[in-house]
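Trainee: Add 14 to the 1-based position in the sequence shown for the numbering used here, that's all there is to it. Beta carbons are placed, not taken as given, at the ideal position from N, Cα and C, and that holds for glycine. From a predicted model like this one, the values you see are computed outputs, not experimental measurements.
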Amino acid sequence: MKNTTEIQDRIFDDIRRFELYDAAQSYGQQYLDEVFDRPVYPSEAALDGLCVFDEELSEDATSGEQIIDQLHQYGAPATLTQVGGRYFGFVNGSILPASLAAKILTAYWDQNGAMQVLSPISARLEMTVEKWLVDLFGLPDNTAAGFVSGSSMASFCGLAAARYRIYKNQGWDVNEHGLRNAPPIRIFTGKDAHSTIRKAISLLGFGQSNVEWVDVDDQGRIQVDQVPALDDRTILILQAGNVNSGSFDNFGALCKKAKDAGAWIHIDGAFGLWAAAVPNLKWLVNGLEHGTSWAVDAHKTLNAPYDSGIILCADREALVSALHMSGGYIVKGDDRDGMFYTPEMSRRARIFELWAALKYLGKKGIAQMISTMCLRAHQLTEKLSLVEGFEIPNQVVFNQVLVKAESDLKTDQVLKAIQEERVCWVGGSTWKGERVIRVSICSWATTYDDIVKTAASFEKAIKSVGVNV
Ligand SMILES: Cc1ncc(COP(=O)(O)O)c(C=O)c1O
């Protein structure tokens, strides 16, 4: 009897054909060589080239080389140069060299982060990084960390833990009995909460119309005097970093009071929680240590690769109970099984790149990198304030700059002209009822020269549309 099948023969032949991986790596390196000078948004020709992917799945095999060639030739030109210094869309980070290298190395390992028995190295690094983050953000001892795909999932987990704990304290096991006939929970959050908070509320069955939306000020911060008396059956959701203005809620005034009342405080700090790791920006998050759960991304401000979000929860038992699962075949580790801290069971062991990013920078490097992002935001603000026709409607406290022209129409036309020039990429948004251009400085790579080029592109754009509007 033949020992192997045809498909096995083929894969055995390929798996140690190192030229295949060398090709992938050399294409990757070529990409890095060009990415800092390339147009930020793909050219029309590159976008048209994507039609090569509109193909039926073939009956016959394709070689690894052909696959990698196709990706490089047609995929790479159709990427946004997020790795470079002039991509300012949404809130997206670049990538750090050690994280990229760790990602490449550990891709060979293909580890599943579900259980210690599945990957002792993943479990060990999750424990290490949990300690590092608790220290870095100044959170209560024994705060638990779950390594999830992003802040959407982190907030979902934090609010699931809140739901579990509040009901449990009232003698109601929500895992067992669900929401039907459950005692009421009141949820308060600001009218400018991120849409992923709304999504988590929907997914958890609370219903968005049951949320009590608190008025916010002109920067999107919760108005402290509008928050009513809280108690141990309430969840207060705050924000460290508004997705548009970059503003921070007043944790000093809100957290201690809410904590003393027994409320659960969830803080969405997708990109802004990192201010806690920066001595000269720490004032933005004073009081945040009184929170109960925190959502933060490593793929944004820290510049770890996608997908890397973290749920931090001071109530370890609530988090683990909310995300608990069991089964006869599950092997509980002596230390840590990642799946008890995340919604998924099987999951890419994403901790390697996060661990590498933190270790590569060290505390000082993290602080310097994030301070530099903020410095660039101030430099851009200064430059654009000097351009006739632009106004900056937000107080620039972190990495977000909003820019508007004299009318919504003109703002949108300027935005389009900037995007078409491709020197940088910025997105649009609506802020306090008016159209704005959003600039989010989130890359380690943004230099002063990038700011000069970006400001010049803005100026050119406003001049080009000026006569038409
Ligand atoms: C404040 C805030 N919360 C949540 C999110 C969602 O994060 P993710 O895309 O990692 O799920 C974002 C994304 O920009 C954000 O800015």
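1) According to DSSP, simplified to helix, strand and coil, what is Gln-427?
2) Looking at the structure shown, is Phe-250 part of a helix, part of a strand, or coil, going by DSSP?
3) Runs of 3 residues minimum, wholly inside the region 177-250: which ones carry the beta strand (DSSP E) assignment?
4) Answer with buried or exposed for Glu-140, where buried requires no fewer than 16 other C-beta atoms within 10 angstroms of its C-beta.
5) According to DSSP, is Cys-171 part of a helix, a strand, or is it coil?
6) Please go through the region 72-133 and give each complete beta strand (DSSP E) segment of 3 or more residues, from N-terminal end onward.
7) Could you pull the start and end residues of the beta strand (DSSP E) that Gly-160 belongs to?
8) For Val-415, report the span of its beta strand (DSSP E) as first-last.
9) Assuming Trp-278 and Arg-179 are in contact, meaning their beta carbons sit under 8 Å apart, how far apart are those beta carbons, in whole angstroms?
10) Using DSSP's beta-bridge definition, name the partner residues of Leu-326.
11) Can you give the Cα-Cα distance for Gln-240 and Val-417, rounded to whole angstroms?
12) Could you check whether the Cβ of Asn-256 sits closer than 8 Å to any heavy atom belonging to ligand 1?
13) Report back the beta-carbon spacing between Ser-457 and Asp-282 to the nearest angstrom; my notes put them in contact at under 8 Å.
14) For Asp-282, does the three-state DSSP call read helix, strand or coil?
15) Under a three-way DSSP split, which group does Glu-420 fall into?
16) Looking at the unbroken alpha helix (DSSP H) that takes in Thr-395, where does it start and where does it end?
17) Could you spell out the range, first to last residue, of the alpha helix (DSSP H) harbouring Val-49?
18) Mapping DSSP to helix, strand and coil, what is Ser-471?
19) Using the Cβ count rule (16 or more neighbours within 10 Å means buried), how would you classify Lys-145?
20) Between the region 70-80 and the region 31-50, can you find at least three pairs of beta-carbon atoms closer than 8 Å?
21) From this set, Asp-263, Lys-271 and Lys-467, which residue's C-alpha is nearest Leu-244's C-alpha?
22) According to DSSP, is Val-450 helix, strand or coil?
23) Using 8 Å as the cut-off, classify the Cβ of Ala-284 as near or not near the heavy atoms of ligand 1, replying yes or no.
24) Pair every Cβ in the region 198-214 with every Cβ in the region 246-263, then say whether three or more of these pairs are closer than 8 Å.
25) Would you please state the rounded distance, in angstroms, between the beta carbons of Leu-394 and Val-415? I believe it to be under 8 Å.
26) Kindly examine ligand 1 and report whether one of its heavy atoms sits closer than 8 Å to the Cβ of Asp-311.
27) Taking the alpha-carbon positions, what's the Leu-429 to Tyr-320 distance?
28) Start and end of the beta strand (DSSP E) containing Gly-442?
29) Look at Ala-371 and Val-292 and say whether their C-beta atoms are less than 9 Å apart.
30) Give me, in chain order, the residues of the same chain whose beta-carbon lies closer than 7 Å to that of Ser-163; leave out the 5 immediate sequence neighbours on both sides.
31) Whole angstroms are fine: how far does the CA of Glu-402 sit from the CA of Thr-95?
32) What are the boundary residues of the alpha helix (DSSP H) that Gly-152 is part of?
33) With respect to the alpha helix (DSSP H) encompassing Gly-403, which residues constitute its N-terminal and C-terminal limits?
34) Out of Leu-64, Phe-262 and Thr-386, state which residue places its alpha-carbon closest to the alpha-carbon of Val-238.
35) Nearest to Gln-409 by alpha carbon, out of Phe-472, Glu-420, Glu-396 and Ser-421?
36) If I measure Cβ to Cβ from Ser-443 and keep anything under 6 Å in the same chain, skipping five residues before and after, which residues do I get?
Mentor: Answer, in terms of the structure:
1) Of the three classes helix, strand and coil, the one that applies to Gln-427 here is helix, per DSSP.
2) First, the residue type needs correcting, since residue 250 is Leu and not Phe in the sequence shown. In the structure shown, the three-state DSSP call for Leu-250 is strand.
3) 200-204 and 225-228, all fully within the region 177-250.
4) Buried.
5) Residue state, collapsed to three classes: helix.
6) Counting whole runs of 3 or more residues, the region 72-133 contains no beta strand (DSSP E) stretch at all.
7) Boundaries of the beta strand (DSSP E) harbouring Gly-160: 158-162, taken from the DSSP string.
8) Note, Val-415: beta strand (DSSP E), 414-417.
9) Right, the Cβ-Cβ distance comes to about 6 Å (below 8 Å), so this counts as a contact.
10) According to DSSP, which records beta bridges pairwise, Leu-326 is partnered with Ala-159 and Trp-308.
11) Distance from the CA atom of Gln-240 to the CA atom of Val-417, rounded to whole angstroms, is 29 Å.
12) The answer is yes for Asn-256.
13) Taking the Cβ atoms as the reference, Ser-457 lies roughly 22 Å from Asp-282, outside the contact range of under 8 Å.
14) If DSSP states are grouped into helix, strand and coil, Asp-282 belongs with the strands.
15) Three-state DSSP puts Glu-420 in coil, outside helix and strand.
16) Looking at the DSSP string, the run of the alpha helix (DSSP H) that includes Thr-395 is 365-399.
17) Where Val-49 is concerned, the enclosing alpha helix (DSSP H) stretches over 32-49.
18) The three-state reading of DSSP puts Ser-471 in helix, counting H, G and I together.
19) It counts as exposed.
20) Using a Cβ-Cβ distance cut-off of 8 Å, the region 31-50 and the region 70-80 are in contact, since at least three pairs of beta carbons, one from each stretch, lie closer than that value.
21) For the residues Asp-263, Lys-271 and Lys-467, the minimum Cα distance to Leu-244 belongs to Lys-271.
22) Reduced to three states, the DSSP call for Val-450 is strand.
23) Yes; taking the cut-off as 8 Å, the Cβ of Ala-284 has a heavy atom of ligand 1 nearer than that.
24) Short answer: they touch.
25) Taking a contact as a CB-CB distance under 8 Å, the pair Leu-394 and Val-415 counts as one, their CB atoms being some 5 Å apart.
26) Under cutoff, so the answer is yes.
27) The straight-line gap from Cα to Cα measures roughly 27 Å.
28) Following the DSSP letters along the chain, one finds Gly-442 inside the beta strand (DSSP E) bounded by residues 441-445.
29) The criterion of a C-beta distance shorter than 9 Å is not satisfied by Ala-371 and Val-292.
30) Beyond the five residues adjoining it in sequence on each side, Ser-163 comes within less than 7 Å, by CB distance, of Asp-321 and Gly-323 in the same chain, given in chain order.
31) Taking the straight line from one Cα to the other gives about 29 Å.
32) For Gly-152, there is no enclosing alpha helix (DSSP H), since its DSSP letter is neither H nor E.
33) Premise fails: Gly-403 is in no alpha helix (DSSP H) and is neither H nor E.
34) Nearest C-alpha to Val-238: Phe-262.
35) Of the candidates Phe-472, Glu-420, Glu-396 and Ser-421, the one whose C-alpha sits nearest the C-alpha of Gln-409 is Glu-396.
36) Taken in chain order, the residues that qualify are Asn-258, Val-450 and Arg-452.
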